[in-house]
Amino acid sequence: LLIQGYFSAKTHPLLAPLVPRMRDLLAEYEIAGGGNVTVRVIDPADDPELEDEANTKYGIRPVPFQVADRYQSSLVNSYFDVLVSYGDEYEVLGFRDLIEVKVAGEADLDVQLRNPEYDITRSIKKVLYGFQGGSSVFANIQSPVTFTGYLSADEKLPEALVEFRGVVSGVLDELQAESEGKLSVEFIDPDAGDGAVGAEIAQNYGFQPMATSLFDANVFYFYLTLADDETLVQVPLPDALSAEAAKRGIEEGLKRFATGLLRTVALVTPPAPPPYMAQQGMGMVGNQFSQLQGLLSNDFNVETTDLAEGVVPEAADLLVVVDPKDLSDKQVFAIDQFLMKGGTVAVAASAFEASFSAQTLTAAPRVTGLEDWLGHLGVGIGDSLVLDPANAAFPVPVTRNVGGFSFQELVMLDYPYFPDIRAPSLNPDSIMTSGLPQVTMAWASP
1 LLIQGYFSAK THPLLAPLVP RMRDLLAEYE IAGGGNVTVR VIDPADDPEL EDEANTKYGI
61 RPVPFQVADR YQSSLVNSYF DVLVSYGDEY EVLGFRDLIE VKVAGEADLD VQLRNPEYDI
121 TRSIKKVLYG FQGGSSVFAN IQSPVTFTGY LSADEKLPEA LVEFRGVVSG VLDELQAESE
181 GKLSVEFIDP DAGDGAVGAE IAQNYGFQPM ATSLFDANVF YFYLTLADDE TLVQVPLPDA
241 LSAEAAKRGI EEGLKRFATG LLRTVALVTP PAPPPYMAQQ GMGMVGNQFS QLQGLLSNDF
301 NVETTDLAEG VVPEAADLLV VVDPKDLSDK QVFAIDQFLM KGGTVAVAAS AFEASFSAQT
361 LTAAPRVTGL EDWLGHLGVG IGDSLVLDPA NAAFPVPVTR NVGGFSFQEL VMLDYPYFPD
421 IRAPSLNPDS IMTSGLPQVT MAWASP
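Going by our numbering, the sequence shown opens with residue 1, and the numbers climb by one from there.
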């Protein structure tokens, strides 16, 4: 395992004190690795070859920081990145992944390391799971996959993307040759004909025309996707428009269709509202938990399911049920059978459903459908809410009268229904809570 730190000697004054701490932390990984971990810390400015490798192969680029004193202001291009590499797999952590910034005032910033041990360890685990051992990713793909490029004609594309289109085609030729017929490739111009394809991909996938700048009248399409009969994955455009970056992006997408490379999480969330509700301006009903799904997708293969057929997806290692409401007997049966077969189930449920309006905040009873099943397992959700004197604030609209005029403003008030839980109330012996400094439980039931 190789861990490589890229830290510039000339950097922002607020980042400079963090570099020695990162060096020490990486050295600890080398010691704990017992000879299986190699750690290198380099300043890319001292080695142009390594800097070029970082830019082209790993997409690591310097970040411009403004440095000012009483006499002058200047820009410094600085590296603050960590590369974790194992075999043909690698992960890059940039400074945005490694630090957190707290604003104490207009000119008072507190910059600290966020949680580098967790981020680096997670990256190590990810590259180890993803390591191919020299075999092709197609060895673990059972069904044919189609690569579709929704690309405008060359005359509409920026010059850099015209060149990158050729790079992508070359990479796809290589992958097709080793896929043994499992990968097919097609390119579609969304602007061709009457533009029906452009309208279709905008409706189905949210693919809108791109522009190089806000004021550029020339718009174009450059979207890359992978799909089988059930799943569609978008391949993001890499920062470095190189063959290495293109191949990595496509292979990362292909892993979503492979079995055994990533653990699979089956995710059950509330159903999306009918389309006519959005068209009539009725807004979204309930949570869709798209951010949760996105975060889980960083480390796992996520399969969304409604359990309507009474079974959990066969590949699932973990079943996560979020915000259940009125689950049917068939859905509860699917959850129970998955648990009985040795699967792991995580349920995030509530006895109440909070709703907002312009003037009111209400909490109504919510029936999950899991009450009897949880009770059989010895778990109950009380029909009440927890109040705690140690609590978080909640923004409440308050009317203020000044000179005969009424003004409404939001004021942060102590809110007992949001218990603020900190040590020693967080169990230090549980793996779920030992690393949490603080958690706020919103409208929690006992």
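Note that CB positions come from ideal geometry on N, CA and C, so glycine has one too. Predicted model, so just to flag it, every value in this text is computed and none were measured.
6 Å Cβ shell around residue i - same chain, five flanking residues per side excluded
i    : result
I250 : V235
S85  : L2
G310 : K330, F333 and A334
G382 : S445 and P446
D154 : V162
K156 : F220
A316 : T264 and A266
P428 : S434
T304 : L267
V321 : V268 and V347
F164 : L241
Enclosing alpha helix (DSSP H) for residue i [first to last residue]
i    : result
R21  : L18 to A32
I335 : D329 to M340
R114 : Here R114 belongs to no alpha helix (DSSP H), and DSSP marks it neither H nor E.
L295 : S290 to S297
R248 : A243 to L254
V197 : A196 to Y205
E371 : E371 to H376
CB of residue i within 8 Å of CB of residue j, strictly
i    : j    : result
S445 : L385 : yes
V76  : V67  : yes
L15  : P116 : no
Y221 : S152 : yes
F257 : T231 : yes
A240 : N55  : yes
R461 : V41  : Beyond the ends of the chain as shown, which are 1 and 446, falls residue 461; an answer cannot be given.
R114 : L98  : yes
T368 : K325 : yes
G206 : V233 : no
Q438 : R422 : yes
K262 : Y129 : Strictly speaking, residue 262 in this sequence is Leu, with Lys absent from that position. Yes, Cβ-Cβ distance for L262 and Y129 is below 8 Å.
V345 : L307 : no
Cβ neighbours of residue i in the same chain (closer than 8 Å, five flanking residues each side left out)
i    : result
Q144 : It should be pointed out that residue 144 corresponds to Pro in this sequence rather than to Gln. G181, K182, L183, S184 and D228.
G133 : Bear in mind that a pLDDT of 49 at G133, under 50, signals an unreliable position, so the model cannot answer this.
P62  : S8, P44, N77, S78 and Y79
D323 : T269, P270, G286, N287, F289, A348, A349 and S350
S73  : Q66 and V67
Spatial neighbours of residue i in its chain, beta-carbon cut-off 7 Å, leaving aside the 5 residues before and after
i    : result
A393 : M412, L413, D414 and Y415
Y58  : L83, Y90 and V92
L175 : L183 and I250
W443 : S350, F352, A354, A363, L385 and Y417
Q142 : T259
V197 : I188 and P190
I124 : L1 and V84
D388 : P416 and P419
G380 : L374
A202 : Q208
L172 : F147 and V185
Start and end residues, beta strand (DSSP E) containing residue i
i    : result
L161 : L161 -> not in any beta strand (DSSP E); alpha helix (DSSP H) instead, spanning E159 to S179.
I188 : L183 to I188
Q438 : Q438 to T440
I421 : F405 to R422
L361 : L361 to P365
L151 : V145 to L151
G5   : L2 to F7
N301 : N301 to T304
P395 : N391 to V402
E353 : F352 to F356
T264 : T264 to V268
T225 : F222 to A227
L426 : Premise fails: L426 is in no beta strand (DSSP E) and is neither H nor E.
V312 : Looking at the DSSP string, V312 is not in any beta strand (DSSP E), and its letter there is neither H nor E.
Q234 : L232 to V235
V463 : The shown model of the chain, from 1 to 446, leaves out residue 463, and the question about it has no answer.
A346 : T344 to A348
At least three beta-carbon pairs within less than 8 Å, the stretch 338-347 to the stretch 285-300: These segments do not touch.
The stretch 36-48 / the stretch 6-14 touching (three or more Cβ pairs under 8 Å): Flag = yes, the stretch 36-48 and the stretch 6-14 touch.
Runs of alpha helix (DSSP H) lying entirely within the stretch 43-107, each at least 4 residues, in chain order: For the stretch 43-107, whole alpha helix (DSSP H) runs of length 4 or above, ordered along the chain, are 48-56 and 95-98.
The stretch 388-402 / the stretch 371-380 touching (three or more Cβ pairs under 8 Å): By the Cβ rule, the stretch 388-402 does not count as touching the stretch 371-380, because fewer than three pairs are nearer than 8 Å.
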